[in-house]
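Q: Protein chains in written order, with my numbering: chain A, 823 to 934; chain B, 59 to 169. Backbone N, C-alpha and C fix where the C-beta goes; we use that ideal spot for every residue, glycine too. Bear in mind the structure is a predicted one, so any value in this text is a computation, not a measurement. Mind having a look at this structure? Questions to follow.
Here's what the structure looks like:
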């Protein structure tokens, strides 16, 4: 089975711009979660989608949003980028029972 | 108190040593316990996963869970330089909707 894929792998943006990141989960998995990872804060949960519905949400501002499509692929959008949004954004996929999660390689975002 | 606590290290050991990595968690609602390995600039890779107290072994890796103490451990036997990475513990609730990660322990295995 192919693993979780994320595109793009690297991204450079400037403050005020917006960005869209994409994640394709493992085939058959319907849950997609997004995390932000920074050296200072570690892995922080953004949100989780299951069958196109947001099922759980972390403590991030409304500039961070996401959606999931009928084929389980997910996108995450960050509007009005700030310098502090520079991070590794990780997507994780899980099956219906979601006993554990499998991560993609991440998208490294640099905001200048 | 953070939900999951983990010593960030760094931890340096000589090749061949037994490594012990530990986490504590605060909420007894967590029923699933995972260890991930993350190499620099890569996504976390699932190493071990268990949902019961006791030991689970996979090759050189042993995961240990003590639900009564809310304590989880990962032991690495015969450590290799290729084990040098950050190790993240994670706990999940019974509904599969809430996962919390520890901050990670950075391990260096010196040849």
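(1) At least one CB of chain B closer than 8 angstroms to the CB of residue 927 of chain A: is that the case?
(2) Do residue 70 of chain B and residue 168 of chain B have their beta-carbon atoms positioned less than 8 angstroms apart in this structure?
(3) Going by alpha carbons, who is nearest to residue 887 of chain A out of A:856, A:860, A:836 and A:927?
(4) For residue 145 of chain B, write down the residues that DSSP places opposite it in a beta bridge.
(5) Terminal residues of the continuous beta strand (DSSP E) containing residue 104 of chain B?
(6) Is residue 124 of chain B helix, strand or coil by DSSP?
(7) At 8 angstroms on the CB atoms, spell out the chain B contacts of residue 924 of chain A, in chain order.
(8) Can you find a C-beta in chain B that's less than 8 angstroms from the C-beta of residue 882 of chain A?
(9) Pairing CB atoms from the region 110-121 of chain B with CB atoms from the region 920-930 of chain A, are three or more of them under 8 angstroms?
(10) Kindly list, in the order they appear in chain B, the residues whose Cβ is closer than 8 angstroms to that of residue 931 of chain A.
(11) In three-state terms, what does DSSP make of residue 903 of chain A?
(12) Rounded to the nearest angstrom, how far is the Cβ of residue 837 of chain A from that of residue 933 of chain A, given a contact under 8 angstroms?
(13) From the beta carbon of residue 157 of chain B, is the nearest beta carbon of chain A less than 8 angstroms away?
(14) Does residue 888 of chain A come within less than 8 angstroms of chain B when only Cβ atoms are used?
(15) Could you give the residue range of the beta strand (DSSP E) that holds residue 886 of chain A?
(16) To which residues of the same chain is residue 917 of chain A closer than 6 angstroms at the C-beta, ignoring the five residues directly before and after it?
(17) Below 8 angstroms between beta carbons: does that hold for residue 79 of chain B and residue 131 of chain B?
(18) Please check if any C-beta of chain B sits within less than 8 angstroms of the C-beta of residue 899 of chain A.
(19) Okay, do the region 898-916 of chain A and the region 84-96 of chain B touch, 3+ Cβ pairs below 8 angstroms being the bar?
(20) Give the residues of chain B in contact with residue 843 of chain A, contact being defined as C-beta atoms less than 9 angstroms apart.
(21) Helix, strand or coil for residue 908 of chain A? Go by DSSP, reduced to three states.
(22) Tell me whether residue 168 of chain B counts as near the ligand FMN, meaning its Cβ is closer than 7 angstroms to at least one heavy atom of that ligand.
(23) Does the beta carbon of residue 867 of chain A come closer than 8 angstroms to any beta carbon on chain B?
(24) In chain order, what residues of the same chain have a beta carbon less than 7 angstroms from the beta carbon of residue 81 of chain B, not counting five sequence neighbours either side?
A: Put simply:
(1) yes
(2) yes
(3) A:856
(4) B:95 and B:163
(5) 103-108
(6) strand
(7) 104
(8) no
(9) no
(10) Those do not exist, as residue 931 of chain A stays about 13 angstroms from chain B at its closest Cβ, beyond 8 angstroms.
(11) coil
(12) 6 angstroms
(13) yes
(14) no
(15) 886-890
(16) 851
(17) yes
(18) no
(19) no
(20) The premise fails here: residue 843 of chain A is roughly 13 angstroms from chain B at the closest Cβ pair, so nothing lies under 9 angstroms.
(21) coil
(22) As far as ligands go, the structure on display features none, and thus does not contain the ligand FMN.
(23) yes
(24) 62, 63, 64, 130, 147 and 160
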